[in-house]
Each structure stands twice: as C-alpha cells, then as structure tokens.
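Beneath this line is the structure, given in structure tokens, with notes to follow.
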Amino acid sequence: MPLLEPKPEALRPRSISGPAPDRVPAHRAGGTPEPLRTELTELLGPGKVLWKVSDLVRYASDASPYRFVPQVVVIAEDIDDVSAVLSYAHGRQREVVFRAAGTSLNGQAQGEDILVDVRRHWAGIEVLQEGRLARIRPGTTVARANAALAGHGRILGPDPASALACTLGGVVANNASGMTAGTTRNSYRTLSSLTFVLPGGTVVDTADPLADEELARAEPALCHGLMEIKREIEADPALAARIRAKYEIKNTTGYRLDAYLDGATPVEILRGLMVGSEGTLGFISEVVFDTIPLDREVCSALLFFPSLPAAAAAVPLFNEAGAVAVELMDGNTLRASVSVAGVPADWADLPGPTTALLVEFRAPDTAGRDACARRAARVLDGLGLVAPVASVTNAFTSDPKTVGGYWRARKAFVTAVGGARARGTTLITEDFAVPPSRLAEACEALLALQAEHGFDAAIAGHAAHGNLHFMLAFDAADPTDVERYAAFMEAFCRLTVERFDGSLKAEHSTGRNMAPFLELEWGPQAAGLMWRTKRLVDPDGVLAPRILLDRDPRAHLRGLKTIPQVEAVADPCIECGFCEPVCPSQDLTTTPRQRIVLRREMMRQQPGSPVLDGLLAAYGYDAVDTCAGDSTCKLACPVGIDTGALMKEFRHHRHGPREEAAAALAARRFAAAESAARLTVAAADLIPSRVGDRLLEAVTGAARKAVRPDLVPRWLAELPGAAAQRLPATRRVGATAVYYPACVNRIFGNPGGRTGPSLPEAVVAVSERAGRPVWIPRDVGGTCCATIWHSKGYEAGTRVMANRIVEAAWGWTAGGRLPLVVDASSCTLGLAREVVPYLTPENRALHAELRVLDSVVWAAEELLPHLDVRRTVGSAVLHPTCSMRHLGDEDGLRAVAEACADEVVVPVDAGCCAFAGDRGMLHPELTASATAREAAEVTARAFDAHLSANRMCEVGMDRATGRSYYSALLELEHATRP
Numbered sequence: 003m004p005l006l007e008p009k010p011e012a013l014r015p016r017s018i019s020g021p022a023p024d025r026v027p028a029h030r031a032g033g034t035p036e037p038l039r040t041e042l043t044e045l046l047g048p049g050k051v052l053w054k055v056s057d058l059v060r061y062a063s064d065a066s067p068y069r070f071v072p073q074v075v076v077i078a079e080d081i082d083d084v085s086a087v088l089s090y091a092h093g094r095q096r097e098v099v100f101r102a103a104g105t106s107l108n109g110q111a112q113g114e115d116i117l118v119d120v121r122r123h124w125a126g127i128e129v130l131q132e133g134r135l136a137r138i139r140p141g142t143t144v145a146r147a148n149a150a151l152a153g154h155g156r157i158l159g160p161d162p163a164s165a166l167a168c169t170l171g172g173v174v175a176n177n178a179s180g181m182t183a184g185t186t187r188n189s190y191r192t193l194s195s196l197t198f199v200l201p202g203g204t205v206v207d208t209a210d211p212l213a214d215e216e217l218a219r220a221e222p223a224l225c226h227g228l229m230e231i232k233r234e235i236e237a238d239p240a241l242a243a244r245i246r247a248k249y250e251i252k253n254t255t256g257y258r259l260d261a262y263l264d265g266a267t268p269v270e271i272l273r274g275l276m277v278g279s280e281g282t283l284g285f286i287s288e289v290v291f292d293t294i295p296l297d298r299e300v301c302s303a304l305l306f307f308p309s310l311p312a313a314a315a316a317v318p319l320f321n322e323a324g325a326v327a328v329e330l331m332d333g334n335t336l337r338a339s340v341s342v343a344g345v346p347a348d349w350a351d352l353p354g355p356t357t358a359l360l361v362e363f364r365a366p367d368t369a370g371r372d373a374c375a376r377r378a379a380r381v382l383d384g385l386g387l388v389a390p391v392a393s394v395t396n397a398f399t400s401d402p403k404t405v406g407g408y409w410r411a412r413k414a415f416v417t418a419v420g421g422a423r424a425r426g427t428t429l430i431t432e433d434f435a436v437p438p439s440r441l442a443e444a445c446e447a448l449l450a451l452q453a454e455h456g457f458d459a460a461i462a463g464h465a466a467h468g469n470l471h472f473m474l475a476f477d478a479a480d481p482t483d484v485e486r487y488a489a490f491m492e493a494f495c496r497l498t499v500e501r502f503d504g505s506l507k508a509e510h511s512t513g514r515n516m517a518p519f520l521e522l523e524w525g526p527q528a529a530g531l532m533w534r535t536k537r538l539v540d541p542d543g544v545l546a547p548r549i550l551l552d553r554d555p556r557a558h559l560r561g562l563k564t565i566p567q568v569e570a571v572a573d574p575c576i577e578c579g580f581c582e583p584v585c586p587s588q589d590l591t592t593t594p595r596q597r598i599v600l601r602r603e604m605m606r607q608q609p610g611s612p613v614l615d616g617l618l619a620a621y622g623y624d625a626v627d628t629c630a631g632d633s634t635c636k637l638a639c640p641v642g643i644d645t646g647a648l649m650k651e652f653r654h655h656r657h658g659p660r661e662e663a664a665a666a667l668a669a670r671r672f673a674a675a676e677s678a679a680r681l682t683v684a685a686a687d688l689i690p691s692r693v694g695d696r697l698l699e700a701v702t703g704a705a706r707k708a709v710r711p712d713l714v715p716r717w718l719a720e721l722p723g724a725a726a727q728r729l730p731a732t733r734r735v736g737a738t739a740v741y742y743p744a745c746v747n748r749i750f751g752n753p754g755g756r757t758g759p760s761l762p763e764a765v766v767a768v769s770e771r772a773g774r775p776v777w778i779p780r781d782v783g784g785t786c787c788a789t790i791w792h793s794k795g796y797e798a799g800t801r802v803m804a805n806r807i808v809e810a811a812w813g814w815t816a817g818g819r820l821p822l823v824v825d826a827s828s829c830t831l832g833l834a835r836e837v838v839p840y841l842t843p844e845n846r847a848l849h850a851e852l853r854v855l856d857s858v859v860w861a862a863e864e865l866l867p868h869l870d871v872r873r874t875v876g877s878a879v880l881h882p883t884c885s886m887r888h889l890g891d892e893d894g895l896r897a898v899a900e901a902c903a904d905e906v907v908v909p910v911d912a913g914c915c916a917f918a919g920d921r922g923m924l925h926p927e928l929t930a931s932a933t934a935r936e937a938a939e940v941t942a943r944a945f946d947a948h949l950s951a952n953r954m955c956e957v958g959m960d961r962a963t964g965r966s967y968y969s970a971l972l973e974l975e976h977a978t979r980p
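Mapping of the sequence shown onto the numbering used here: residues 3 to 980, in sequence order.
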C-alpha cells in the first residue's frame, strides 16, 4: 500500500441526516444484480456496462423532482449497441430508458431497469447545403450545433433556455421549443428527417425513398395499425378538428396526434409521432433540421410593470409590433436572479408584485433593426411602466453586453429560483399554455390558486405564445407537504383544462408529473388513440414505461426526490446539469452534478450502511482525484456553484497532519524545490530522449506506487527541457510594469524543437520594442502564485505562499503603482483571485491595491498599439485556457493572435485541458479524455501555429494533438522582430 494512501473515511459526512424515505436500500449496495451484469457485459463488453452502486446513483437523478435508480447503466457507442440492448430486453421482459443530457424537468431521463447513456459517443454535426440543413447526432448540444451553423448565418429553430447543456436527441424527443420557436419553429415544424430505431430493432431513415417499402416488409402489423388509426381520425371530423385546435397553441401533452393528419404513409406518421414521444416509441439516432436565418441585429428592452396581470396585458401589443420574443419574469424570479453574474443587485429590493417583460426584435441588418426600434417606441408610449429601483431603464438597446445580461437573467430562471429555495426542499417546474389572448386572465387565476394552497411560486415564460412556467418548492420527505402539492396539482390541471382549454405541457413534454392528467386534457377518445399507438409501436412495453402514459392517478407522486442538506456551497444545486458540458471529467468519471448527487445519497443513508461504504470507496477517485479543479462548472452554473472548490476542500480533508506540515515546509523552502526541479529537468535533457523518457517514467512510476499516485507526478515525454538558470537582465528604472515569470516558466524552457528566445526573453524584448519596458525583480525565485498548494487542498502551504507572494508583489510594484504582469494564465488567476481567502487582513489590504495582468492582456492593451508587425503566419489555432475564461481574458489572446496570423481559429470544442498544473501528470487519463474532442478538431487540418498562454496547458495540448503549442507572446515577438 502506498505510504500516503488517502482513507475513504476522510470523506465520510460528519453528520448524516438519513435514513431518508427514498434512500437506496441496503440490498442494492452490490450494484447491478446477477445475471444482468454478466449477461450485458458478455453482450457488449466490460467498458460499456456501469454496475457499481455509485454509477447507478449518479445516473438516478436528472433536472426533475424525481429519482429512480436504474439496475444497470449501458454506455452505447453505436446503433449496434442500441439494437443489442433492445433485443436483450425483449428476450427477458426488461425495460429500457435512453438518457442523453439529463436536463429534462419531468423525469424522462430516468429508468428503473436498463438505462442507456446516448450522450457520450453520440455527438457530431454535419452542415449541409451551406447551412440550410444540419445533420446532427442526438448527443450534440443545441449550443454546439448553433456554433457550427453561425458561420453560415443560420441557426436552429428550437431555442430552449438550456441550450448550453440540452442535446438534440432530447430536444426532438420532447419537442422542446424555447423563447422564440412558438408553434412554427419547434422540432415538429423544422425537422426535415430523422433516423430512429424501433423497439423491435428496425432502423428507419425517413429520408430514404424506400423507407416505407422496407418498413412494410419488416413491420407489416405496425404499418397496418398506423394507417387504421389515421383513417379513424379522418373519418371523425369533430375529432380531427379537435386535434388541429389543440396545436394552435403550444402543446406537448401526449403523442402528436396531428402526425396522423400530416403524414400520408406509415413512415411519415412515425416521423411526426417520434417528435415529443420521450423515448417511448424508439431511439432517435440522427436528425436533419431545416435551419432558419440568424438575424444578428437586435433591439431589446427589459420593461418593468407594477404587477403580473399588467405585464401580461401588454404582451399582445408587442406581438402585433413584430417582436420575436416577449419573455415574462415575475417579482420572485427577478429577485432570485440577483445570484446570477451581472444582474443588478438592487433587483433584490423590487416590490413584491413587480413583473418584467424582456422584449426583443431581430433583423438581418441595421435598417431592419431601426424599423423595429420605431415600432417598439410606439408601443412604449402607451404603457404604464414603473422604475422602482435605480438600475431600471425601461429603454430599448442594441448593446450586446446589456442584452446579454437580460438573457442571462431570463435563462437562469430554473436554476436561480431553485438556488434561492429553502434548503432541503424539492423543486417542481410546471409548464403550461393558454391562448395568448387570455394570458392576463390566466395569470390572475394562477396567483389566486397558489395563494389558496399556500405557495408563493416564481413565474416566468414565453408570454408571446401564452406559455408560462412556474416553480414551487416543498418538502418531499414530509407526507403532509406532498399532499399539499398533490391538491394544488389537481386544482391547477382542472383550472388549465376546464377554464382555459389550455395545454398542461407546452414544451417540456408530458413526463412523469403530467402522465396521470393526460386524459383530463385530451378526453378518453384521443387518450385511447395514444394508448393504441404505444401498443402498436412497442407491443411488449419495453421502452420507457410510465413516462408518458400512466393510469395510476397518483403516479406523479411516486419517486419524488428528497434533497438532504450537504455542504453549503452545493445546497443550491437543483441538479439541472448545466455544468456537465464544460466538465473535463464528464466522459471519464463524474460531473459536478453527479458529485453533488452522490454526496446527497451519502446523506440519505444511515451510519453503517453498506451503500454508504460503497459510495465512499468510489468517491475518492471518481469525484475528488479526477476533478481538474478548474471551476469552469462555476462559470456554467447560473448560480455560480463551484464544485471544483468543493473537491479541493475534500482533498484537504484527506490530508493528514504529516502531509499538511510537509506541504507547508515545501512552501517555506520553495527556492530549493524550484532549483531541484530545474536541475532534474536539465539532467533529463542529457539523457537520450527515448532512453531517458522510459527511465524517468519507470522511476516516477515506482515513486507513485510507493508514496501515492495523486501526489507524485508521472514523467511525460512531452515535457519541455529546462529553462535557463538566469532570467533576462532588466532595469527597474524606467520600467512601466513589473514582470513576474511564473515558476513553471522558470523551471521549463521552450517546447522541444523550438529555437529562439525563451518566454521571459520574449516578453522582455517585445515590451522594450513597444516602448513599455518591464522589470523582473531579482528575488522572484522561490516565490509562486500558490496554485501548486491550492489545487491540491494544502491549506497551510497555500497560506504560507499566498502571503509571501503578496508581500513581495507589494514591494516590487511600489505599493501597486506599477502593474504586475504574469506570463501564465493560471498563475494570473491565482495571484488575482485565488490567494485572497488565505491572506491575513493586512495582506488583503495590500492585495486590493495590486493590479495583476495576464501577459496576453498586457500585450493586447499596452504593446500592440506601439508595435510594427513585420511578418505573419498563415493560420493559428488557439487554446484559450479555463483561467482566461475566469478572468475574461480570451479577447486578449485572440487580439495577439490576430496580429500574428492571417487566420485565427478557436475550436468550437475548445475547453479545459484538465492538465491543471500537474494533474495531467498525476492522472494522464483525465487530460486524454478532456481534450479528445478539441484534439480531433485541431488535427483535422493543418495550422502554422498553435498558441495558448499557459505552459502546462500547452504541454497537455501537445500530448493530446501531437502538435507543438507555445505562448502567443513568443509568436508576437517573432512577428515584430526587426
């Protein structure tokens, strides 16, 4: 056993609130039962079957208020795997649910038997006909697809608020629409074709001219039954008219019965039925969308009204004026949104009934935008707007930053309100539609109903289309509170249907919470046709039972998820999954959401539980060790939950006193450690590379086994040679900035094979060339930004180095009069922000006076205006680091690159490389997984330069791509060299 092997017990919650009523029972501690585990492993291979109890628990939650623990999780790689699972399920009377992003709000992504992950290996987009069509795989996010289409001036019709995280498979399966799609730009209306796998294994491509012929041979009974239902509907004028009327407003309750009216053949009918079918009729393996023009000119306003009905009454006016979006946010929503970055703090003081409309007009050019502005101004003149706090302007604008802030607040509705709920309560999100002309009346009725049942819900939605969402919280562990929720739901459904003839689900699809009320909305005749459709397509009931159709009148109360309190930073999490697409470990171990989900399950258990023991045994590697700690999850989370920081805290918990003392000693004696590291790298340079790399890999490998794999880095062949022993000579007199070469650039030199100046030499030279000379203090050796300790959770060592570097920087910069320029983005972030919690009060005051700049920002803002570019390369690809995203420095990197290259490309799939200082050397598998998509994009073509701004991130990208990455400052020095 390694000398310093961490103990799982260190991660055991200090106070356990269980046993909770929905805890995973003790008999599930062993994970997937036999023979299910062995049979699926033999069928698919061990790498595609997740069976540990921790795997089952982390897949048991989605963004809904429900939780169902699967028996097994399958990671399907292709259609063959999907067909194999379906065949297996048929033969053994088992059930299958498909899951992609898990952002569904009604439990559609949860199953109680075989759960199939169709996100990990199912991403990709092919742009066709100059962007007019897009062929998309189901695991592709809406944001990723739109990024690929933007260069062609096109975009997808559906625009859900969760576009950054939700995937196209789920969007189509739920007929999700969003802010502007309405009834004309949703999936049903903009889908050109799709390919799907029926429960019996038949694969149908609706674009294939022979599809109907082939389906008739493979599934004759299905074809006959579909055409029979079509004839029945068409023979009943009243029913046909009712079906048409139901889709005049947004409606995703039940199956799309108008598919029988719109489709002339079985394949055409199935094409329509698959949209909104929630995975109950088949697996959608590919979609082809008709795209729409991307109107880049916008004119937007956030308009404040005294009450919800007053705001609703103004909606038709903007619809008539041609607004593409009219989004409503009530007072509870606005006040909760102050937790979202960029939202004015004074919104917290808005009076209770205040309601806002986010109104947006879009046009292809400025002339069209100006015309929109004139129409908007005419509407404004007659409105009774209010300005209860100072930040309210009630004015239309085209400023991208302002408009972006409005939309961030609106799109954060679910997470912001959820984050503001009482700790330990479960969140319900409902979604309904009424005729837009009756929106104001419906708002008044909803407010009265909430008050009657003791709820103070938050309301927001797509008011232009009569589509509102409301959120309410209750305690799922309290039977009385559950019954209060049940009574409200019964009354709400009857109100929506009987008074307004509305849709119980407008765009979130039926799901578990509306399945019992489907017949209330549609009536027995139409509901009966839906049951017949399900039996026709899936006669054995293999796919997603109880998700869309359920005869149990209390089905919506089954499987409600308790939310036990965990660490305070994680308590606001509503498990929405917005964090997952940016997480470096998403395809290797766990995601931020799953790390919190696992922690909550620990709290549901009771002391001595074998389930708790199993979760703890896996949590160390799956959650703590393989977290890059980059905190990009904080940027993606609308309420800023920093799961990376939580994992660093857990690393600290696993340190014994001996480790903490050793880390603090290393911080105090860092000068010696730095010199030793540089000498080690220099010694390795003297050994022939092939022999040396093998030798050093063996030596570090042995040390990792003896000490601890998470402490001793592995030698990597991609590591650069040693830096020069001395930094370039500079003068303090006349310096315009203090230049702080990061310790990594004092230890490692240029990438292998790259000649010319080192990075410190380049920064000094190019600054001098621009007439902005910098000074390197002689005593920078032995100092560090403290990230080495902070990233590993060594609090004592972090405190030592954080205070030392701030005191030194204060002196170097003459009390903050000169900026401190740092040449590694992670070190810039460390010095600018991450050291602050570890400083003494006196040193916090000193730090507040410092101006810390990344070298790319220094170059972009201070050097480029004074430099003559003498030569450029043809193309450069950039790797913006996660630290740059935190600091907002990506534009600086692009500006420097654009000065040096004729073409600059930022990969659409660029993300955190997960090298994270030395974590890529501790867990190379993490960086390999995190960089896979970006590397595939980079290596698909040739580039003349590969640029970034952090040495270890560059090493990570070298390893991932086989290309040589280096600092953009090196390229700038070359481009401006006389």
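Just so it is clear, CB atoms sit at the ideal spot from N, CA and C, and this is done for glycine as well.
Only residues of its own chain outside the window of five on either side were considered, and among them V206, M276, G284, F285, I286 and S287 have a CB closer than 7 angstroms to the CB of F198, listed in chain order. When DSSP states are grouped into helix, strand and coil, P295 belongs to the strand group. Under the three-state reduction of DSSP, A488 is assigned to helix. Leaving aside the five residues that flank Q596 on each side, the residues in its chain whose CB is nearer than 6 angstroms to its CB run, in chain order, R60. Ranked by Cα distance from A459, the first of H471, V98 and I689 is H471. In its chain, beyond the 5 residues on either side, A788, V837, Y840 and L841 have a beta carbon closer than 7 angstroms to the beta carbon of A804.
DSSP, read as helix, strand or coil, puts G141 in coil.
Under the criterion of beta carbons closer than 8 angstroms, T204 and A220 qualify as touching, at roughly 5 angstroms.
Taking the C-beta atoms as reference points, E936 is found nearer than 7 angstroms to D911. In the structure shown, the three-state DSSP call for F472 is strand. In this structure, DSSP gives R601 a helical state, which the three-state scheme calls helix. Cβ atoms of A338 and A418 come within 8 angstroms of each other, at about 5 angstroms. If the five residues before and after C578 are omitted, its C-beta is found closer than 7 angstroms to the C-beta atoms of A65, T105, V416 and T417, all from its own chain and listed in chain order. The alpha-carbon separation between L820 and A475 amounts to approximately 51 angstroms. Assigned with DSSP and collapsed to three states, G813 falls in helix. In the DSSP assignment, V735 falls outside any beta strand (DSSP E) and carries neither an H nor an E. Under the three-state reduction of DSSP output, L718 falls in the coil class, being neither helix nor strand. Distances from the alpha-carbon of K9 to those of L590, H881, V300 and D627 put D627 closest.
Contact annotation, I749 with E676: C-beta distance approximately 6 angstroms; criterion of less than 8 angstroms satisfied. Taken through DSSP and simplified to helix, strand or coil, S505 comes out as strand. Every beta strand (DSSP E) stretch that sits fully inside the region 794-855 and reaches 3 residues is listed by chain position as 822-824. Here A810 is not near L974, since their CB atoms are 7 angstroms or more apart. Under a 10 Å Cβ-count criterion, E603 is classified as buried, with 16 or more other Cβ atoms of the shown protein chains found around its own Cβ. V879 is positioned such that its CB atom lies no closer than 7 angstroms to that of V802. For Y967, DSSP assigns no beta-bridge partner whatsoever.
The beta carbon of E97 sits closer than 8 angstroms to those of A91, G113, E114, D115, I116, G543, V544, L545, A546 and P547, all from its chain and outside the five residues before and after it, given in chain order. In the DSSP assignment, F672 falls within the unbroken alpha helix (DSSP H) covering F672 to D687.
Look at the beta carbons and you see the region 924-931 touching the region 956-964: at least three pairs across the two are nearer than 8 angstroms. Below 8 angstroms, too few C-beta pairs join the region 569-586 and the region 435-452 to call them touching: fewer than three. When DSSP reads this structure, G386 sits in no beta bridge, so it has no partner. Secondary structure at A86: helix, using DSSP grouped into helix, strand and coil.
A213 is not a Cβ neighbour of C168, given a cutoff of 7 angstroms. For the pair D83 and T267, the Cα-to-Cα distance works out to about 29 angstroms. Between L305 and N176, the C-beta spacing is not below 7 angstroms. A Cβ-Cβ distance of about 20 angstroms is found for the pair I81 and L52, leaving them out of contact under the 8 angstroms criterion.
Secondary structure at M181: coil, using DSSP grouped into helix, strand and coil.
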